[in-house]
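**Student:**
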Amino acid sequence: MAKETMLTYLDQLIDQKITDYDVALDFDSRNHTIEIVVRLFAENKQHLALDDVEGNQSAEEMIEYEDGILLYNAQKSQFEEEYYLKTLPFTSKKGMQKAELAALVDYLQEILDQGQADLLDFLAEDSTQEVFALRFDEEIYAKKLAAYQEKLGQDYVSYPSY
711 MAKETMLTYL DQLIDQKITD YDVALDFDSR NHTIEIVVRL FAENKQHLAL DDVEGNQSAE
771 EMIEYEDGIL LYNAQKSQFE EEYYLKTLPF TSKKGMQKAE LAALVDYLQE ILDQGQADLL
831 DFLAEDSTQE VFALRFDEEI YAKKLAAYQE KLGQDYVSYP SY
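For what it's worth, this note's numbering labels the leading residue of the sequence shown as 711, then goes sequentially.
#1: Return the chain-ordered ranges of every alpha helix (DSSP H) run that is complete within the region 800-851 and spans a minimum of 4 residues.
#2: Going along the chain, which residues of its own chain have a beta-carbon closer than 6 angstroms to the beta-carbon of Lys727, five neighbours each way excluded?
#3: Exposed or buried, Gly765, counting other C-beta atoms within 10 Å across all chains shown (16 or more means buried)?
#4: With contact counted as at least three CB pairs below 8 angstroms, one residue from each stretch, are the region 738-755 and the region 824-836 in contact?
#5: If you count every other CB in all the chains shown that lies within 10 Å of the CB of Gly825, and 16 or more means buried, which is it?
#6: In angstroms with no decimal places, state the Cα-to-Cα distance between Lys796 and Leu780.
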């Protein structure tokens with residue numbers, strides 16, 4: 711039986727808990743990162759002209775919104791933090807606590823549920839909202855983390871060694 715890693719544990723949690731959304735794992739062994747990539751889709755019935763982060767304008771009928779959470783090695787990874795919804799460090803030797811990953815996936819389901827509703831509101835004809843973005847609330851994550859640490863303890867799951 712293969713050793714459980716952060717990647718396999720995350721994949722299992724996502725498959726179990728996040729079934730209604732497009733979620734993928736992007737493992738970058740050279741940069742020592744794992745990105746949880748999430749996508750939301752919504753119909754742009756009014757064909758509103760929308761600008762993306764890079765300033766590209768589109769009025770397509772179907773809108774795809776993508777964001778990510780980056781798990782990174784604090785000593786080795788290089789990245790631009792502002793490009794991610796959230797960044798969380800792990801250690802080379804230990805990896806991350808199972809409780810951290812479980813709390814993250816649990817909370818990510820809530821973020822996506824709220825984000826889908828917010829995206830539909832943003833695209834509504836009567837919307838006055840100028841910007842759409844997913845939101846990560848540190849307090850909510852901290853509460854979930856505390857609950858999962860009580861449930862799962864301090865067990866760690868290692869970073870993949872490929």
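For every residue, glycine included, the Cβ atom is placed at its ideal position computed from N, Cα and C.
**Tutor:** So, to answer that:
#1: 808-833
#2: Val815, Gln819
#3: exposed
#4: yes
#5: buried
#6: 6 angstroms
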